[in-house]
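So the number in the numbering used here is just where the residue sits in the sequence shown, counting from 1, plus 11.
Following: one structure in structure tokens, then a few remarks.
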Amino acid sequence: MPPKLSAAFKWGWTAFILLLTVFPYLWAYATTPAGFHYSWTLPPYPEDSFAYMAWSRQALNGHWLFSLKYTALPHAPFLFHPFFLVCGKLAAWTGWEIGVVHLLMKSLGVALFFWTLFKVLEHLRFDRIQAACACVLVGLSSGLGALARDLVGPETLGNLLPIDLWLVDSNTFWCLLWNPLYPVTLALILGAFLFVDRASLGGKSRDFYLGGLAIGVLGLIHPYETAVLWPLLILIIVVRLGRQAWPALLRFAAASAPILAYAAAVALFHPLLREHSVHSQEKMHSPSLAACLIGFGLPLALALWGAFRYRREIASRYWPLLAWLALGFGLSRLPLWFQMKLLFGLHLPLCLLAGAACGLIWRQTSWRTTILLSGILLAFMTTFSLWTDAVREHPERPYRIGSDVMEGLAFLQKDSRTDDIVCASPATSLLIPVYAGNTVIWGHWAQSAGFTARQQWAHRVFDDASPLNAQERSREFWGMGIKYVFLDGAWREKFGIHPPEWLSARAQKAFENPAVIIYRRLL
Numbered sequence: 012m013p014p015k016l017s018a019a020f021k022w023g024w025t026a027f028i029l030l031l032t033v034f035p036y037l038w039a040y041a042t043t044p045a046g047f048h049y050s051w052t053l054p055p056y057p058e059d060s061f062a063y064m065a066w067s068r069q070a071l072n073g074h075w076l077f078s079l080k081y082t083a084l085p086h087a088p089f090l091f092h093p094f095f096l097v098c099g100k101l102a103a104w105t106g107w108e109i110g111v112v113h114l115l116m117k118s119l120g121v122a123l124f125f126w127t128l129f130k131v132l133e134h135l136r137f138d139r140i141q142a143a144c145a146c147v148l149v150g151l152s153s154g155l156g157a158l159a160r161d162l163v164g165p166e167t168l169g170n171l172l173p174i175d176l177w178l179v180d181s182n183t184f185w186c187l188l189w190n191p192l193y194p195v196t197l198a199l200i201l202g203a204f205l206f207v208d209r210a211s212l213g214g215k216s217r218d219f220y221l222g223g224l225a226i227g228v229l230g231l232i233h234p235y236e237t238a239v240l241w242p243l244l245i246l247i248i249v250v251r252l253g254r255q256a257w258p259a260l261l262r263f264a265a266a267s268a269p270i271l272a273y274a275a276a277v278a279l280f281h282p283l284l285r286e287h288s289v290h291s292q293e294k295m296h297s298p299s300l301a302a303c304l305i306g307f308g309l310p311l312a313l314a315l316w317g318a319f320r321y322r323r324e325i326a327s328r329y330w331p332l333l334a335w336l337a338l339g340f341g342l343s344r345l346p347l348w349f350q351m352k353l354l355f356g357l358h359l360p361l362c363l364l365a366g367a368a369c370g371l372i373w374r375q376t377s378w379r380t381t382i383l384l385s386g387i388l389l390a391f392m393t394t395f396s397l398w399t400d401a402v403r404e405h406p407e408r409p410y411r412i413g414s415d416v417m418e419g420l421a422f423l424q425k426d427s428r429t430d431d432i433v434c435a436s437p438a439t440s441l442l443i444p445v446y447a448g449n450t451v452i453w454g455h456w457a458q459s460a461g462f463t464a465r466q467q468w469a470h471r472v473f474d475d476a477s478p479l480n481a482q483e484r485s486r487e488f489w490g491m492g493i494k495y496v497f498l499d500g501a502w503r504e505k506f507g508i509h510p511p512e513w514l515s516a517r518a519q520k521a522f523e524n525p526a527v528i529i530y531r532r533l534l
């Protein structure tokens, strides 16, 4: 058995990554100016962060099943999401802000991920050099796109946009930094792989159940990766066990198939989720091969070099990792829903293969120290470019919310019911389900079912060039079922100070401060 990583390295490395992935939030909180509230989110995709927080808000409000708060189309709560259910219940129990709870859960997820990673490294029988290199690459290597942008400038890159500049899913560090759901998802992915691969090599049969259960939970909280992982694990069982695979397959399927069938049925047959999925096919095409090559960076280069230079050893010992990559890249090129999301997690087998290659380099070259230290330095440099983006790029809205807007949201939270529909600008609508708990008519591009129809509706109601008269505009507007109108920014200037007749005739002013005016519909 190869020597294991020391406990000091494991604890120290986990603590180091935790510090790197928590500090930007603490820095943003500490530097939030007076008159603003920090939302406990980071760039680049506020709509996703607030959609997650909106689910936790529903759990905080006592719901066990969730609805899509960014669409006004009527529907009963239907979505079971155990991760954000736990987050919301924890927020209700502690009284902490949802954003703080998400940061705590993200940090616990980072620790769980690395604990699982260390178990995988022991299972794969990595020696200390291989395991340490894999840990460094998993934790720090963030692709070459951010480094190339900083060195040569975005103009030189032109239309070539490496995925590590815009796709959080493309590298582990960004996943651990940005989002409370992703670290837990990565831990489940590694855990499922560990259980099934270990059991198929003669381990305990109960591990097939545990691997299937991990896949099932993954299907409930972040289902996209099951399209890659489920067939991969079945392949491992069949190849390893041959004709003796049936009992193992039945154990694995017994724990995973019922849960995955439920998740698939909801996605396929619930009309709102189906529209959400179909709409994603228009927005989430997989990036070009060049964007992937640059975006995966150093781990991809090392993995490819190791697979070529030491192909016999890599193919015989680590073929499941190669199969993982082939399935992930292959499926991401098919016309599937959320095809771009199928790249999520592929950084893990890349870094494991790269770590294995580093160990072989260490054994067989006299320049091993120079090569290894150069690789570690490059890994640090790529992550530093990404990390500084998170620290320095922090615009006021929506990551920092004005205190007047927060006051208006607090009024809504107290004065309204959670199923009341609120009309606000798309940017402000992102915040309302999180801080007030209401339903809005738009906000998140994928959860705003019927978004095209909403845009046409807005043109008919709000555009001065619309042929509708005041009475027709009023009928169109209030016919949406709107109970409150939240006006801030440009909307306040246009509709709040001197409200048009179609608004004022059927509503009264319920709240006002220097930045916000709220109208409540008259009964």
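Glycine residues also receive a C-beta, built at the ideal position from the N, C-alpha and C atoms.
Asked, Found
"Classification of K117 by the beta-carbon crowding that lies within 10 angstroms, buried from 16 upward", "buried"
"Integer-rounded CB distance, given that L252 should sit under 8 Å from S297", "Between L252 and S297 the Cβ distance is about 33 Å, and since that is not below 8 Å, they are no contact."
"Proximity below 8 Å, CB of L338 to CB of V239", "yes"
"Cβ-based neighbour list, A501, same chain, cut-off 8 Å, excluding 5 preceding and 5 following", "S436"
"F89 - containing beta strand (DSSP E), residue span", "Unbroken run through F89: none, as it is neither H nor E."
"Cα-Cα separation between F263 and G419, rounded to whole angstroms", "51 Å"
"Boundaries (first-last residue) of the beta strand (DSSP E) holding L498", "I493 to D499"
"Residue(s) in a DSSP beta bridge with Y446", "According to DSSP, Y446 bridges with nothing at all."
"CB contact flag (I200, L359, <8 Å)", "yes"
"N449 versus F95 - alpha carbon distance", "17 Å"
"Burial state of Q467, where buried means 16 or more other Cβ atoms lie within 10 Å", "exposed"
"First through last residue of the beta strand (DSSP E) which encompasses Q519", "A518 to E523"
"Cβ neighbour criterion (16 or more within 10 Å) applied to A26", "exposed"
"Residue from W22, Y193 and Q424 whose Cα sits closest to the Cα of K352", "Y193"
"P44, buried or exposed, once every other Cβ within 10 Å from all chains shown has been counted against 16", "exposed"
"Alpha carbon of P191 to alpha carbon of T127, nearest angstrom", "17 Å"
"Simplified DSSP state of R428, which is helix, strand or coil", "coil"
"Pair within 8 Å by beta-carbon distance, Q141 and A367", "yes"
"I28 and V179 closer than 8 Å at C-beta", "no"
"Burial state of E504 (16 or more Cβ within 10 Å)", "exposed"
"Extent of the continuous alpha helix (DSSP H) to which F206 belongs", "L192 to S211"
"Per DSSP, cross-strand counterpart(s) of Y530", "V496 and K520"
"The ligand NAP heavy atom lying under 7 Å from the CB of R344", "In the structure on display, the ligand NAP does not appear, and there are no ligands present to speak of."
"Nearest to L171 (by Cα), restricted to the options N182, A157, F422 and W104", "A157"
"Residue interval of the alpha helix (DSSP H) (run including F340)", "W330 to L342"
"Local conformation of R136 per DSSP, three classes", "coil"
"Rounded Cβ spacing between D415 and P525 (contact assumed at less than 8 Å)", "6 Å"
"Minimum length 4: unbroken alpha helix (DSSP H) runs contained in the stretch 100-166", "109-134, 139-151 and 156-163"
"Where the beta strand (DSSP E) containing F355 begins and where it ends", "Per DSSP, F355 belongs to no beta strand (DSSP E) and is neither H nor E."
"Sub-8 Å separation of A365 and G308 beta-carbons", "no"
"Which listed residue (L246, A256, A314 and R139) has its alpha carbon closest to that of A19", "R139"
"Straight-line gap, V149 to D474 (C-alpha atoms, nearest Å)", "51 Å"
"Extent of the continuous alpha helix (DSSP H) to which F462 belongs", "F462 to F473"
"Chain-order list of residues whose beta-carbon lies under 7 Å from that of K520 (same chain, five-residue window excluded)", "I528 and Y530"
"The alpha helix (DSSP H) enclosing Y273, as first and last residue numbers", "A256 to F280"
"Proximity winner among L229, W373 and A302, relative to I270 (alpha-carbon distances)", "L229"
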